[in-house]
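Under mature numbering (1 follows the signal peptide of the UniProt record, and there is no 0), the residues of the sequence shown are numbered -18 to -1, 1 to 223, in order.
The beta-carbon is built from N, C-alpha and C at its ideal position, and this holds for glycine as well.
Report on the structure given below.
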Amino acid sequence: MKKFVSLAVLLWAFTLQAQESNKRESHFHLGVDLQTKYVWRGMEMMTEDAVPVVFPQINFQHNGFYAYVMGATAINGKYSEVDMGLSYACKWLTVGVNDYYYPTTTSLEDEYFNFKSLETGHWFEGLITITPMNVPAYLTISNFFAGADKKPDGKQAYSTYAELGGRYSFWGEHCLALAVGAALNKSCYNGYAHDFSICNIELKYTYNVAMKNFTLPLSVGYIINPVYEKSYVNFIASFAF
């Protein structure tokens, strides 16, 4: 209890200081996304009773550092997710780590602080992103270095994913983006059954709707997963505050 009180006092003091130093500009931001179908890196994350998913988020950005906490909740309550991450960007290079956690839908059987290799529900990822200067393109390489990413034999799979993407803006508020992603080994992206395999091809159109005090990005993406011979159409509305 004493530790809790001390922590509360520290947080209160930090909040007061933050309010004083950020009267003109806050480094904290809130956001919420709505997706009609949750597709991530070519994988359909909710395969049964699929419904739209809501993604609330809070993040902190300052001097190249970026930290976030994000949730995902299906509107029928049959899927949930809790993610957090930290990254640092310097010029054309960004390095980061993420923790993806998938609670049970009832939450009664959750063990969030269980980090045992064969029991944990956490997926720990390291990634780098290269964004060439003055070129609207990027290359991301990520690897699940620990957690629940396991092969059928129970060994760590070290699922590795690479994505190359680019975008083209036109007519002021319009943007087309193309991304091609591939699994570089036997991994969660291909059912641990293939080596190198292209698993994600996405063409996305975004229209930035200009409001009085903010801009509302609306997107439609057409996604193909060659590994599973699947295709999806996804609508996304993004609200940022």
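- request: Using a threshold of 7 Å, state whether the C-beta atoms of residue 105 and residue 140 are closer than that.
  value: For residue 105 and residue 140, no; Cβs fall outside 7 Å.
query: Can the beta-carbon of residue 49 be found less than 7 Å from the beta-carbon of residue 35?
result: Going by beta carbons, residue 49 and residue 35 fall outside the 7 Å limit.
message: Could you tell me the alpha carbon to alpha carbon distance between residue 213 and residue 18, rounded to whole angstroms?
response: One C-alpha to the other measures close to 14 Å.
field: CB of residue 149 within 7 Å of CB of residue 165, strictly
entry: 7 Å or more divides the Cβ of residue 149 from the Cβ of residue 165.
- request: Assess, as a yes-or-no matter, whether the stretch 184 to 192 is touched by the stretch 202 to 211 under the definition of 3 or more beta carbon pairs within less than 8 Å.
  value: Touching, yes, given that three or more Cβ pairs across the two stretches are closer than 8 Å.
message: Using the three-state DSSP reduction, which class does residue 189 fall into: helix, strand or coil?
response: Residue 189 falls in the strand class under three-state DSSP.
message: For residue 117 and residue 59, what's the separation of their Cα atoms in angstroms?
response: Rounded to whole angstroms, residue 117 to residue 59 spans 41 Å at the Cα level.
- prompt: Should residue 130 be labelled buried (16 or more other beta-carbon atoms within 10 Å of its own) or exposed?
  reply: Buried is the call here.
- prompt: Cβ atoms of residue 123 and residue 144: under 7 Å apart, would you say?
  reply: Yes, Cβ-Cβ distance for residue 144 and residue 123 is below 7 Å.
message: Can you find the residues in the same chain that come closer than 7 Å, C-beta to C-beta, to residue 120, ignoring five residues on each side of it along the sequence?
response: Taken in chain order, the residues that qualify are 111, 112, 113 and 147.
- request: Quick one: residues in its chain with C-beta nearer than 8 Å to the C-beta of residue 23, no 5 flanking neighbours on either side, listed in chain order?
  value: Sequence-distant partners of residue 23 (beyond 5 residues in either direction) whose C-beta falls short of 8 Å from its own C-beta, in its chain, are 143, 145, 163, 171, 181 and 182.
message: I need the DSSP call for residue 50, collapsed to helix, strand or coil.
response: Note: residue 50 maps to strand in three-state DSSP.
field: Residues that DSSP places opposite residue 92 in a beta bridge
entry: DSSP lists no partner for residue 92.
task: Confirm, please, whether the CB-CB distance from residue 67 to residue 39 is below 7 Å.
output: Taking 7 Å as the cut-off, the beta carbon of residue 39 is found no closer than this to the beta carbon of residue 67.
task: Measuring alpha carbon to alpha carbon, tell me which of 127, 107 and 197 ends up nearest residue 80.
output: Restricting attention to 127, 107 and 197, the CA atom closest to the CA of residue 80 is found in 107.
- prompt: Pick from 31, 125 and 207: whose alpha carbon is nearest that of residue 21?
  reply: Among 31, 125 and 207, the Cα nearest to that of residue 21 belongs to 207.
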